[in-house]
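Residues in the sequence shown are numbered from 83 upward in steps of one, following the working numbering. Structure, as structure tokens:
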Amino acid sequence: MTVASVYKQGWTLDDVHWSLFDPSKVEPSLLAAVKAAALVEYNAPDYVTYLKRVFADADPRTLAAIEQWGREEAQHGRALGRWAELADPRFRLADAFARFRKGYTPAHFTCTTNGSVRGSRRGEMIARCVVESGTSSYYSAIRDASEEPVLEEIAGRIAADEYRHYKLFYDTLNAQAEPDLSFWKKLWIAVGRVRESDDDELAYAFYCANVSPEEEASKPYDRKTYSRLAGQASMAVYRPRHIQKLVQMVTKVVGANPHGWFANMAGALLWWRLSAKSA
Ligand SMILES: [Fe+2]
Ligand SMILES: [Fe+2]
């Protein structure tokens, strides 16, 4: 079967061709990365609660779009988790997720006041666009790197969703009545969001997904170590064209030319940073 590179919105786990799963084509470092990604995606309901607070008095259409977005992100977690359970029968999404939830809660999820930690709705949407740019290029890279047909299909479906999410938040950004932010402010927020990728979320998800509870005593969690291991597993799938696409999407959000000198420089810097992080 040829797996189409573009999938439509509104798929379910039943649409995935699970019977094509080929255990001989599972690549261990890709499996480790997929397990970690499943936990982060599955954590979406907390982001929905937070975003609904940011848009507390927004129109019902915006709130419905946020709910739908959260359902799709959680489904990404279930799809990746189910694939990981097929590839590694010792892995249990529910168990790994319970450990992840116990040890990781970002500060802005525990805050109960309305408003964005980015200072404005526009700021929040810029940060969301950065995340969706990252996930859209990451799943495109996994789709292109995977020799296992079911993972290729799931990653293709997810990448298409993430690109739509980017468009949703980009349109929401531009629909805000708030005054536009300066280029430097937008860049500051975007770079800030990229830097947050250094926080515990990915490193701890990688740990909970790949170190069993029995191994915890002999392999205690260390942010630096697991951040590096998570970085290595992710970096292995990227090709320069995926990073280029990511940078073009982010550049568009901050209001610079996606094909100009700024995008080229940012692309080179990001490639260097990702390579250094995973070295
Ligand atoms: Fe997602
Ligand atoms: Fe997304």
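Glycine residues also receive a C-beta, built at the ideal position from the N, C-alpha and C atoms. Nothing here was measured: the structure is a model prediction, and the numbers come from that model.
Exposure of residue i, with buried meaning 16 or more beta-carbon neighbours within 10 Å
i, result
"Thr217", "buried"
"Met83", "At Met83, the pLDDT of 34 sits below 50, so the modelled position is not reliable; the number obtained from the coordinates is stated separately. Exposed is the call here."
"Ala345", "buried"
"Thr94", "exposed"
"His247", "buried"
"Leu351", "exposed"
"Lys117", "buried"
Residue i CB to nearest heavy atom of ligand 2 below 8 Å
i, result
"His99", "no"
"His324", "no"
"Trp353", "no"
"Val213", "yes"
"Trp151", "yes"
"His341", "no"
Contact check, residue i vs residue j, beta carbons under 9 Å
i, j, result
"Val319", "Ile236", "no"
"Arg310", "Leu255", "no"
"Arg52", "Val335", "The chain is shown only over 83 to 361; residue 52 falls outside these bounds and no answer can be derived."
"Pro127", "Ala147", "no"
"Leu162", "Glu123", "yes"
Endpoints, alpha helix (DSSP H) assigned at residue i
i, result
"Thr94", "No alpha helix (DSSP H) holds Thr94; DSSP gives it neither H nor E."
"Arg239", "Pro231 to Ala257"
"Pro127", "Ala126 to Val136"
"Pro322", "Pro322 to Val336"
"Tyr220", "Arg203 to Ala227"
"His341", "Element bounds for His341: n/a, residue is neither H nor E."
"Gly163", "Pro142 to Ala169"
"Ala312", "Arg305 to Met317"
Closer than 6 Å between the C-beta and any heavy atom of ligand 1: which residues qualify, listed along the chain?
Glu123, Glu155, His158, Thr217, Ile240 and Glu244
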